[in-house]
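Step one of this worksheet: look at the structure below.
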Amino acid sequence: MRRIATIAALLYASSAWGQDWRHYGGDAGGSHYSAAAQLNRDNVDQLEVAWVHRSGDLERSAELLKNSSAQATPILLPAAAGESLVYCTPFSEVIALDPGSGERRWSHDPQVDTASLRPFRCRGVAYYEEVRVAEDASCRHRIFANTYDRRLLALDAITGELCRDFGNHGEVSQFGRDKAADEISNSSPPVVADGLVINGSAVIDFRLAEAPKGIVQAFDSLSGELRWSFDPLQGQAGSGAANVWAPISVDQSLGLVYLPTGTPSPDYYGVNRPDDTRYANSVVALELATGKVRWHFQHVRHDLWDYDTPAQPILFEWQKDGETVPALAQPTKQGFVFVLDRRSGESLWEITEQPVPSSQIRGEKSAPTQPKPIAPPPLLDPFLMPEQAWGLTPWDRGDCARQLAELDNLGLFTPLSEKTTLMFPGSLGGANWGGGAITPGSGVLVLNVNAAPFTGRLVPNEQIDTSQDGKDHPTDGQRFVVPMKGTPYTVEINALVSPLGIPCNAPPWGKLVAVDLVAGEILWETALGSVHELGPFPLPFHIDWGTPNLGGGIATAGGLFFIAATMDRQLRAFDLASGETLWRYTLPVDATATPMTYTYRGRQYLVINAGGHFMFNREAGDYLYAFALPDNRKAP
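For the sequence shown, full-length UniProt numbering assigns the number 636 to the last residue and increments by one with no breaks.
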C-alpha cells in the first residue's frame, strides 16, 4: 500500500508523458497513459456526453457490420497538423473530426473489397511529420493508415488527400496484397519513426497448415520504397504466419522496434512445422534502421494453444534500489507478464522452466518445458478441477463437475488431443490485444483479463461435421469448428458452460488486475463487467460477475483507469489506487475499443468507439462518444 500511496505524486513527475494522444497507445511505447488531470477521482462522477459522432456505417452497411468489430482508438493531431481527432472505421475509412464538437472535417474512403468472410476491423492510424517536405507544402504532416485489403495509405493530415509522392499515387501494396483478405489482412495501425513506416499483418488462423508468412515490412515514409523486411520464420517451409498482428512499439533513443509475434500456422497442430521457430511467440527487437535482429525472447515454445503475443509491448522505466533500467512489459494470453530489459531482452525476474504435459498426437514434438517468471504472479489461476465446479444450483454445478471430470486436464499447456481437453486460459486469454496501462515512475500496470474456460479437441477430418464452420471464436457460447487444411485434423472449440449457459468456474469471468512489476506482486483485482444483459431477459440491476472482454483501458494523472471492453455496454472509470468503480455509462452497444483522452481548448475529453464486436453476437453500431465535465463557460 505504501507504493500505491506514492502513485499520485509520481504521475506528475515526468514531462515525457504528455497530455495529447498522438499514438495509438498514447505514446510510441504503448503506455496507455495521459498526464491530463482535469478529470480526477473527485469529479469523474460528473462526466456527461459532450458530443456523439456517427460514421454512417450502420445506415450504409448494416449487414456487413454484423461481421465487424469497432476497435479503433482515435489520435489527436498537433496544431501544426490541423489538430483533428482522427480514427478509422472497420471498413478502413479514415475520418478526421473537430475535437471540440465531433463534426467531420474530412474523410477518405479507400473502397476496400468487402467480398470476404474475414471480419472487418481497424484499430487505428499513425501520424508523422515528414521533415523532408517543406513546412508550407502539402503532406508535410501525414496520416498513415492500413486497409483491410493490405494497402498502406499516406494522407495529408490537414486535407485528407492522398500524398501523391508516396508509392503509387499515395499508396503501396504490402506483402500478401495478391492474396484474398480471407488469408491476410491488417488490423493494427502502423508505427512511424526515423522516416520509416513499419507494419505487421493479420494472417488467417487455424485453417491452413501453410498460411501466408508473417512478413514485417518497413517503408520509406516519404517515397513508400521498401527499406527492409523481416520474416519471423526465416523463410522456412512447412508452416506460415508467426505474424505481428498486435501493435508494435518503438524506442527511438535505442534505435529499436519491438515486435510481438504470433503462433506458426496452423495454431493447434505442429507436426509439419520447422524445428527452429525461435522468433515465433516472442518479443523480437529489431534495429530500426536495418531490420536486423538485436535480441528476442520467446515466451511459448512450439505453441499448440494459439498463445500469440497478443498485445503491444509496454515500454517503461524500471526503478529499483536506486537503479533505473529501460524495461519492457509483455502481457501474454497464458496469464503471465514478462518484464525484460529492453536493451538486451534479459528478464528482470528469474525465469523458471515449468515441466508441461507431452502431446498425445502422433509425430508431435511438443516442448518438455515452458518459461515461467517467478514474478509477478500469474494473472489468473489456470487450475480448474471437478471439485471447483461452480453453478447457480446443485444441478448445474453437478453437470459442470461431470464435464470437468471427463476432460483431459493436466493444467496449463495441456496440448489438444483427440480427447476433449480443458483450455484455461483459452486462445482468448488471459490478456489480449487491449494490453494494459502503466503509470510513469511507479511500475504499476493495470490490465483486463479474461477468465472463462473453454474446451478443445482435435477431431479426425473424416469424423467431423463442419456445418458450423466460420465462427471466429466461441465467446458467445456457440460451437467453433474449423478444418485445418493440410493436416489430418479439424479443431473443435466450445465454451465450458453448464446447461444454463453459465461458465463452469466461479466468477469473475472477466477482471481488472493491478500489478506492481517492480515489487512483483498483485496490488488489487476486481470484476470487470456485469452479466445483467446476458440471461434470457435483461435485469434492471447489475450483477458484477465479470464478462469476456475485448479492448483495453487507459490510465490518467487524475488517478483514474477508464475501460469499456465488456459484454454489458458499459464504459467505466476505476480508482487506480484501489480498483473501486467511480463512474459508469451505458452506451448504445458494446464498446470493444480502447478509449483515449486529450485536452482541447482547456477541456479534457474522454473518447470511446462503440460499435460492438462480431464475437459477442450482440448489436452493432457506428458511434464515437466523447465525454467531458459540464462546460460552465456556455451561455445560460
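Positions of the beta carbon are idealized from the N, C-alpha and C atoms, including for glycine.
Nearest-angstrom Cβ-Cβ length linking residue i and residue j, presumed shorter than 8 Å
{"i": "R142", "j": "L76", "result": "Contact flag wrong, Cβ pair sits at about 15 Å."}
{"i": "V482", "j": "R207", "result": "6 Å"}
{"i": "S188", "j": "A437", "result": "So it is not a contact: roughly 17 Å between Cβ atoms."}
{"i": "L560", "j": "L39", "result": "6 Å"}
{"i": "G82", "j": "W51", "result": "About 18 Å separates the two Cβ atoms, so there is no contact after all."}
{"i": "Y268", "j": "L458", "result": "7 Å"}
{"i": "G167", "j": "G100", "result": "That pair is no contact at about 34 Å."}
{"i": "A209", "j": "G486", "result": "3 Å"}
{"i": "L259", "j": "V244", "result": "5 Å"}
{"i": "V125", "j": "F144", "result": "7 Å"}
{"i": "G335", "j": "L288", "result": "With a Cβ gap of about 31 Å, G335 and L288 do not count as contacting."}
{"i": "T597", "j": "S34", "result": "5 Å"}
Residue i CB to nearest heavy atom of the ligand GDP below 7 Å
{"i": "G176", "result": "The ligand GDP is not part of the structure shown, which contains no ligands of any sort."}
Other residues of its chain near residue i: CB distance less than 8 Å, five sequence neighbours each side excluded
{"i": "P503", "result": "W390, A452, P453, A495, L496, V497 and W509"}
{"i": "T547", "result": "W509, G510, L528, G529, S530, V531, L534, T566, M567 and D568"}
{"i": "R402", "result": "P386"}
{"i": "A593", "result": "A70, Q71, A72, T73, R123, G551, A564, I608, N609, A610 and G611"}
{"i": "A62", "result": "A620"}
{"i": "E48", "result": "F627, A628, L629 and P630"}
{"i": "A405", "result": "P386"}
{"i": "T420", "result": "E406, L407, D408, T455, G456 and R457"}
{"i": "Q570", "result": "G529, S530, A564, R584, Y585, T586 and L587"}
Per-residue burial, residue i [other beta carbons within 10 Å of its own, 16 or more giving buried]
{"i": "P310", "result": "buried"}
{"i": "F480", "result": "buried"}
{"i": "W395", "result": "exposed"}
{"i": "H169", "result": "exposed"}
{"i": "N632", "result": "exposed"}
{"i": "F120", "result": "buried"}
{"i": "F338", "result": "buried"}
{"i": "residue 686", "result": "With the chain represented from 1 up to 636, any question about residue 686 goes unanswered, as that position is not in the structure."}
{"i": "F616", "result": "buried"}
{"i": "G602", "result": "exposed"}
{"i": "A36", "result": "buried"}
{"i": "F562", "result": "buried"}
{"i": "A80", "result": "exposed"}
{"i": "P368", "result": "exposed"}
{"i": "F424", "result": "buried"}
{"i": "E130", "result": "buried"}
Own chain partners of residue i with C-beta closer than 6 Å, once the 5 adjacent residues on each side are dropped
{"i": "H108", "result": "V94, L155 and G160"}
{"i": "P232", "result": "G214, A242, T261, Y279 and A280"}
{"i": "T147", "result": "S92, P110 and V112"}
{"i": "R132", "result": "L222"}
{"i": "D306", "result": "T263, D267 and S427"}
{"i": "I184", "result": "G176, S201, V203 and P212"}
{"i": "E492", "result": "R457, V459 and V481"}
{"i": "L85", "result": "P74, L76, L97 and P99"}
{"i": "D149", "result": "V112, D113 and A181"}
Nonlocal neighbours in the same chain, by C-beta distance under 7 Å from residue i, ignoring five residues either side
{"i": "C400", "result": "A389, W390, G391, S498 and C504"}
{"i": "I4", "result": "Residue placement at I4 cannot be trusted, given a pLDDT of 38 that sits under 50; the coordinates are not used to answer."}
{"i": "H613", "result": "S69, L550, D590 and T592"}
{"i": "P488", "result": "P460 and N461"}
{"i": "K66", "result": "F614 and A620"}
{"i": "G470", "result": "Any answer about G470 is weak, because its pLDDT of 47 lies below 50 and its placement is not dependable; what the coordinates show is given next. The answer, listed in chain order, is L117."}
{"i": "W228", "result": "A218, T290 and G291"}
{"i": "R397", "result": "A389, W390 and G391"}
Proximity test, Cβ basis, 8 Å: residue i and chain D
{"i": "A431", "result": "The chain labelled as chain D is not found in the depicted structure, where only one protein chain is given."}
**Message:** Tell me whether the region 383-401 and the region 429-447 touch, counting them as touching only if at least three CB pairs, one residue from each stretch, are closer than 8 Å.
**Reply:** no
**Prompt:** Taking only runs of the beta strand (DSSP E) that begin and end inside the region 481-564, which ones reach a length of at least 3 residues, in chain order?
**Reply:** 489-495, 510-516, 521-527, 553-556 and 560-563
**Segment contact flag, the region 239-246 with the region 272-289, C-beta cutoff 8 Å, min 3 pairs** = yes
**Prompt:** Between the region 252-267 and the region 191-209, do three or more beta carbon pairs fall short of 8 Å?
**Reply:** yes
**Prompt:** Hey, is the region 512-524 in contact with the region 414-421, meaning 3+ C-beta pairs nearer than 8 Å?
**Reply:** no
**Touch test, the region 619-634 against the region 57-65, Cβ-Cβ under 8 Å, three pairs minimum** = yes
**Request:** Report yes or no: do three or more beta-carbon pairs, one from the region 325-332 and one from the region 297-315, lie closer than 8 Å?
**Result:** yes
**Item:** Complete beta strand (DSSP E) runs within the region 177-250 (minimum length 3 residues, chain order)
**Value:** 191-193, 196-199, 216-220 and 226-230
**Request:** Could you say if the region 583-597 and the region 65-82 meet the contact criterion of at least three C-beta pairs nearer than 8 Å?
**Result:** yes
**Prompt:** Taking the runs of the beta strand (DSSP E) that are 3 residues or longer, which of them lie wholly in the region 255-293?
**Reply:** 256-260 and 282-287
**Touching by the beta-carbon criterion (3+ pairs, under 8 Å), the region 341-358 and the region 443-452** = no
**the region 317-324 / the region 293-307 touching (three or more Cβ pairs under 8 Å)** = no
**Prompt:** Which runs of the beta strand (DSSP E), 3 residues or longer, sit entirely within the region 392-442?
**Reply:** 421-423 and 436-438
**Request:** Please go through the region 308-380 and give each complete beta strand (DSSP E) segment of 3 or more residues, from N-terminal end onward.
**Result:** 314-320, 323-331, 337-341, 351-355 and 369-373
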